[in-house]
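*Asks:*
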Amino acid sequence: MIPGGGQPNMQQLLQQAQKMQQDLANAQEELARTEVDGQAGGGLVKATVTGSGELRGLVIDPKAVDPEDTETLADLIVAAVQAANENAQALQQQKLGPLTQGLGGGGIPGLPF
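So for the sequence shown, numbering that gives the first Met the number 0 puts the first residue at 0; every next one is plus one.
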């Protein structure tokens, strides 16, 4: 119900929805450009992903490479990528959370929150 008993201004509602949609698109573009890092093994393996979760880089310290134990290296890589993705999800929540709450708080289909 609108205060004062008036009818909602449909033009105003449409403008607000369009602004929210543009703000959301801008935030998603910013996420795609922003890079975040994650690491494992005390920094022996470092992964870089975008705020939208795209893997962009992987740095492996030579000390982590043991030809007799590639399993540990693989575990470190997985852990570093997971840490980077967790940081990307936190960034998504920070950037998109307020915008999606304005859309009813139910989140956006296809996004991890």
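We treat Cβ as the ideally placed atom computed from N, Cα and C, and that holds for glycine.
By DSSP's criteria, residue 59 is part of a beta bridge. Which residues make up the other side?
*Replies:* Here residue 59 is taken as the residue at index 60 of the sequence shown, counted from 1. Answer is 44, bridged to residue 59.
*Asks:* Enumerate in chain order the residues of its own chain whose CB-to-CB distance from residue 75 is below 7 Å, with the five nearest sequence positions on each side excluded.
*Replies:* Working through the sequence shown from its first residue, we reach residue 75 at position 76. Hits under 7 Å: 39, 40, 43, 44, 63.
*Asks:* Determine the direct distance from the alpha carbon of residue 21 to that of residue 9, and round the result to whole angstroms.
*Replies:* Stepping through the sequence shown from its first residue, residue 9 is reached at position 10. Stepping through the sequence shown from its first residue, residue 21 is reached at position 22. The straight-line gap from Cα to Cα measures roughly 18 Å.
*Asks:* Please classify residue 34: does DSSP put it in a helix, a strand, or coil?
*Replies:* Residue 34 sits at position 35 when you count from the first residue of the sequence shown. Of the three classes helix, strand and coil, the one that applies to residue 34 here is strand, per DSSP.
*Asks:* Within 8 Å, do at least three Cβ pairs link the stretch 9-18 to the stretch 26-40?
*Replies:* The answer is no - the stretch 9-18 does not touch the stretch 26-40, with fewer than three Cβ pairs under 8 Å.
*Asks:* Rounded to whole angstroms, what is the Cα-Cα separation between residue 94 and residue 58?
*Replies:* Indexing the sequence shown from 1 puts residue 94 at position 95. Indexing the sequence shown from 1 puts residue 58 at position 59. Spanning the two alpha carbons is a distance of roughly 27 Å.
*Asks:* Quick one: measure Cβ to Cβ for residue 49 and residue 87, integer angstroms, because I've assumed they're closer than 8 Å.
*Replies:* On the sequence shown, residue 49 is found 50 positions in, with the first residue counted as 1. On the sequence shown, residue 87 is found 88 positions in, with the first residue counted as 1. Their Cβ separation, rounded to whole angstroms, is 7 Å, which keeps residue 49 and residue 87 in contact under 8 Å.
*Asks:* How many Å lie between residue 46 and residue 91 at the Cα?
*Replies:* Against the sequence shown, residue 46 aligns to sequence position 47. Against the sequence shown, residue 91 aligns to sequence position 92. Straight-line Cα distance between these residues: approximately 17 Å.
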